[in-house]
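Data block below; observations after.
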Amino acid sequence: MTPPRKRPATDQASHEPFKVARRGSVPSNGHNGHSDTIVGAEYLDRAAVDEIATPALSVVTSSNTALGSLEIPKSRLPWPIPTENAYGGPNASGIRRSKQAMPPGLTQRKRVERTVFRDSEKHIRNPIGSERPVPGKWQTAVQRLKDAYKYNRIESDEVRLLVIKPGPESDEINAVLQVASDHDLGTEEYSYEALSYHWGEGDTKHSIIIQENWSDKVIKALDELVLSKMAQEGSRISRLYVRPNLHSALKRLRHSDSPVVLWVDALCINQQDDSEKSEQVQKMNEIYRKAYNVCIWLGTEDSDFHSSKAMLFIKEVIDLKKLPRLLAEEKFIPQWASLFQLLKWSWFSRRWVIQELALAQEATVHCGHSTVHWDDFRDAIGIFHRYYKSLQPRLQDSRLVGSQISDLEPLGANLLVEMTSELFRRKPDGKHEATMGLEKLVSQLASFSTSDPRDTINCLRNISKELNSKRKKPLPPAPDYKQDLFQVYQSFLEWTIEDSKSMDIICRHWALREKEDEWDKGPTAAPRLVKLPSWILTAEEGSYGAGEAVFRGRKAGDSFVGLPGEGSYCASGRTEPKVKFGDYITQTPLASDTPGKLVSMSTSEMVVSGMSLKAHGFLIGVVGWTSDPIPDGVIPQRGIEKLGWTQEERSLSAPSAPDQLCRTLVAGRGHNGKGVPTYYSRACLFCLLNETPNGHINTKELLEADDIKGQQSIVQDYLERVRAVTWNRVILQGYPDSVLSKSPMSASPVNGELVGLGPPRTLVDDVIAIFLGCSVPVILRPYRREHSLPQVYEFIGEAYIYGKMDGEAMHDWDKECEFVLI
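Counting from 1, one number per residue, gives the positions in the sequence shown under UniProt numbering.
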């Protein structure tokens, strides 16, 4: 028999199936009907190993031997042991590529069944060991090791799977990276689970032993004595260094008596190869869809045992017969508090989990040694959200829940439950149909974070309606990890504006900000760090912020433009955008000579570099006065006067509140985004007559007043809307711009003036404009006052201008302006 050709690949394991025998399907003789003899298999020689050490994922190779060995019958190995005839010698190394089914060694086992009932200040809890790494500590140690595990390039239609050898939790993790084709993935021969977890920020100091062959001896422990003995014997192993949370997950998910096959992004994708990463990310939807189970790893138990209590309590909460007692009796409040604490764990703030859960066939939640089915976990969160208002007064003890929040709506756990149940609709043929477009996904899930901000878009693309339907229109930009953050964001914005025929996206706080330095960049490295232009608004400044900030409560008012397809205004009428983006890709001024240093630039450099956005629209006024940003819903007296409530009206006990005052404080809409309820005027007058001694309207005090608290009164309804609209915004007064004073201007509400609400950074002399294709007015700041156009502006944010929200301004001007935003 002619020996097969050698293939120099380290992890390029074959498409050899590792058949997972389902329970009850194993033949009585213990074999699967295929011969264990390998015919025509290929050698896999060890490739030259490069010396690498990165803070995100360090990989190391050392000479080694085993202190212990794994004795498993041949028929129970994930693939046959190479024989002397097949490989030319008993010590030959390699992983064969025979299309021979594996013996039934792996069992597709249920992690946990869903529960079936029958008739009879740290706000975010990060996994242990996820502290920010200390530069130079472990990286220096890694660099001292001479050999490094080297990923070999796999084909675009292949994936790697991590096959973990059995062993007790105390032993080192021994595994093989096996390659499977996309076509075989998820079949009975290539059955696997996918891991969903939080990367964390800890040092990559824990090792995973990667072996070339299943027959290699298991390394039970690694120490200097072992390494010395292995070096003497000339044996070599490879080690991948991972962060503590992943290491804990792999140890807990490993079985003591049978192999476990997992897909883990940090290990199964070469994170140092941008081309491979782009290819693999594009098909992660299929990877999670084909996994027979998704293992959600929250982390190890916390020291106060909140997590263990919560995991046990979940089974009680979903028992509807017990629920009335759980809600009524005080002795269960600590358990409810533990469940609330569990919702603070960092896994719930990850943006990738949306895709991972939405596509899962089955999912199990693991926290330390506790496990529950995702369906049970999901329903418990839903029930807790349903009864949170009634539980909240009894959860006030900070020793139980830490910081208080007034609403669960913006929390990642609640959004996760709501979104994953709505993302796909099952069609009559059993297939799933995506229901949300990419723009809506990015906008609605802005509070979720990623370790690489470029994944703000990439991690939601595969589950968007555009990628899961037949359409002739251009698809969203494909992931490209050779691009920097600005290039990714600009490509998304350009596609979004063209696809939606709307400029509303620039008014939303949707983008994750650039990482601050090299150590904050996470497990991937962009070609450069950049400073984003003003027309890309970050989620951190949105209504509730992003990540941990969500638990601190409301940060800003609700968006005026709303979610895509759910807008309430049409300030620009039925016009379509006229925009032009700078050609950033052909420019180079943004490159930094210092790795990890944010690039800053002057106004002229921004324009030259192409980080500009040119938009057409109309200039309708200039800001002449603003209040301070409204804190905690306290409407200042001076602002109330600017909106028309004067001392004279106070003394005369006016029969109704001024219309522009009543409507401006609620942005001209009710809670449902429709018209203002008729009773809002009466509620507004009540608030004006019950103002504080200094003339302010304190919405918080009014809401907590005995005659309002606990009642769904019209005053409460109005005040809650006022708070949601005015929070951290300014009341502004504007005048027609002097440059355009000769243009015919429409009558303004009060003596020709414009009044409304603007973003907190609004200043006197900022301009008020309406872009074509934008549903609300915007505030812009000129870099220099010029009569020549186009003029360069900083984008400040969206605004509400009384009497200009439904296209009225479009009839007043016939001269378009060009605005260059930087």
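Each residue gets a CB set at the ideal place from its N, CA and C atoms; glycine is no exception.
This structure is a prediction, so every number in the text was calculated from the model and none was measured.
Bounding residues of the alpha helix (DSSP H) (the contiguous stretch that carries residue i)
| i | result |
| --- | --- |
| residue 358 | 352 to 358 |
| residue 643 | Element bounds for residue 643: n/a, residue is neither H nor E. |
| residue 864 | Because the chain spans 1 through 822 in this model, residue 864 falls outside it and cannot be assessed. |
| residue 286 | 284 to 290 |
| residue 495 | 485 to 500 |
| residue 336 | 333 to 342 |
| residue 314 | 306 to 317 |
| residue 686 | 680 to 689 |
| residue 714 | 714 to 726 |
| residue 700 | 699 to 703 |
Buried/exposed call for residue i, threshold 16 Cβ in 10 Å
| i | result |
| --- | --- |
| residue 155 | exposed |
| residue 678 | exposed |
| residue 265 | buried |
| residue 116 | exposed |
| residue 705 | exposed |
| residue 823 | Because the chain in this structure spans residues 1 to 822, residue 823 falls outside the shown range and cannot be described. |
| residue 626 | buried |
| residue 594 | With a pLDDT of 40 at residue 594, under the threshold of 50, the predicted position of this residue should be treated as unreliable, though the coordinate-derived value follows. By the neighbour-count rule (16 or more Cβ atoms within 10 Å), residue 594 is not buried but exposed. |
| residue 542 | buried |
| residue 672 | exposed |
| residue 417 | buried |
| residue 826 | Within the shown structure, residues of the chain are numbered from 1 to 822, placing residue 826 beyond reach of any answer. |
| residue 811 | exposed |
| residue 546 | buried |
| residue 879 | With the chain represented from 1 up to 822, any question about residue 879 goes unanswered, as that position is not in the structure. |
| residue 575 | buried |
| residue 344 | buried |
| residue 396 | exposed |
| residue 582 | buried |
| residue 142 | The predicted model places residue 142 with a pLDDT of 43, which falls under 50 and marks its position as unreliable; any figure quoted below should be read in that light. Per the 10 Å Cβ criterion, buried. |
| residue 470 | exposed |
| residue 552 | exposed |
| residue 475 | exposed |
| residue 526 | buried |
| residue 833 | Absent from the structure is residue 833, since the part of the chain shown begins at 1 and ends at 822. |
| residue 393 | exposed |
| residue 361 | exposed |
Beta-carbon proximity check, residue i vs residue j, cutoff 7 Å
| i | j | result |
| --- | --- | --- |
| residue 503 | residue 795 | no |
| residue 297 | residue 190 | no |
| residue 446 | residue 510 | yes |
| residue 776 | residue 571 | yes |
| residue 192 | residue 240 | no |
| residue 420 | residue 358 | yes |
| residue 292 | residue 487 | no |
| residue 348 | residue 413 | yes |
| residue 666 | residue 755 | no |
| residue 614 | residue 820 | yes |
| residue 302 | residue 166 | no |
| residue 172 | residue 209 | yes |
From the options, residue whose alpha carbon lies closest to that of residue i
| i | options | result |
| --- | --- | --- |
| residue 391 | 431, 326 and 459 | 326 |
| residue 815 | 618, 773, 662 and 681 | 618 |
| residue 195 | 215, 246 and 220 | 246 |
| residue 307 | 162, 254, 804 and 372 | 372 |
| residue 283 | 183, 721, 777 and 432 | 183 |
| residue 628 | 358, 582, 733 and 645 | 733 |
| residue 423 | 440, 412, 408 and 429 | 440 |
| residue 352 | 330, 384, 450 and 736 | 450 |
| residue 727 | 456, 757, 158 and 715 | 757 |
| residue 505 | 186, 564, 487 and 329 | 564 |
| residue 370 | 715, 300 and 428 | 300 |
| residue 516 | 529, 507 and 508 | 529 |
Residue span of the beta strand (DSSP E) that contains residue i, given as start and end
| i | result |
| --- | --- |
| residue 160 | 158 to 164 |
| residue 819 | 817 to 821 |
| residue 798 | 791 to 798 |
| residue 779 | 778 to 782 |
| residue 296 | 293 to 299 |
| residue 263 | 260 to 263 |
| residue 372 | 370 to 373 |
| residue 826 | No statement about residue 826 is possible, as the shown extent of the chain runs from 1 to 822 and does not include it. |
If you scan the stretch 405 to 473 from start to end, which runs of the alpha helix (DSSP H) of 4 or more residues do you find wholly inside it?
You should have 412 to 422, 438 to 444 and 455 to 461.
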